[in-house]
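> Attaching a single structure in structure tokens format; questions to follow.
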Amino acid sequence: MNQDNLHDILASIGKDPKINDAFLDNLLSRKEWSKILEINRITLWRWEVNIINKIPPLKASYYETGKGCRSNYLDGYQRFLSATIFFLMKGKKYEEVKRLLIANFMHLRRKDFEQWRKQQ
Numbered sequence: 004m005n006q007d008n009l010h011d012i013l014a015s016i017g018k019d020p021k022i023n024d025a026f027l028d029n030l031l032s033r034k035e036w037s038k039i040l041e042i043n044r045i046t047l048w049r050w051e052v053n054i055i056n057k058i059p060p061l062k063a064s065y066y067e068t069g070k071g072c073r074s075n076y077l078d079g080y081q082r083f084l085s086a087t088i089f090f091l092m093k094g095k096k097y098e099e100v101k102r103l104l105i106a107n108f109m110h111l112r113r114k115d116f117e118q119w120r121k122q123q
């Protein structure tokens, strides 16, 4: 994924009203978020285990505390990162998505999410 593709993914997230509107809620459970994405809650858990937890800089941002603790609720950034994975996973395997995220993690940090939200 190059920078242009990342922008395409972010544009897709911003244009999808049900996903973009979900960023207005403070916290959503994994079950609620998986219903919005129309995926199984276990799929979301697999993304956390097999993708996010395997990329240290994203894992640190995702869990925020640095301890890797899992909350019962997902904040806006966590939903943003999982929505990015949702769009990337279409027709790709975990390893390919991980490579794409590793190549672009500098554009997917919490501060980048906040900046992206302000532009929406």
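The sequence shown maps to residues 4 to 123 in the numbering used here. Heads up, the beta-carbon is just placed ideally off N, CA and C, and yes, glycines get one too.
Work out the CA separation of Q122 and V52 for me, nearest whole Å.
Their backbone Cα atoms lie some 30 Å apart in a straight line.
> Considering only residues of the same chain and omitting the five flanking positions on each side of F26, which have a CB-CB separation below 6 Å?
Cβ within range, chain order: G79.
> Considering only DSSP beta bridges, list what S32 is partnered with.
Beta-bridge pairing links S32 to Y76.
> Flag this pair as touching only if the segment 27–38 and the segment 94–114 have three or more C-beta atom pairs under 8 Å; answer yes or no.
No, because fewer than three Cβ pairs between the segment 27–38 and the segment 94–114 fall closer than 8 Å, the two stretches do not touch.
> According to the Cβ coordinates, are I16 and F90 closer than 9 Å?
Going by C-beta atoms, I16 is nearer than 9 Å to F90.
> Taking the CB atoms as reference points, tell me whether L84 and L61 lie closer together than 9 Å.
Yes.
> From I55 to K93, what distance separates their C-alpha atoms?
Cα to Cα, the separation comes out at about 17 Å.
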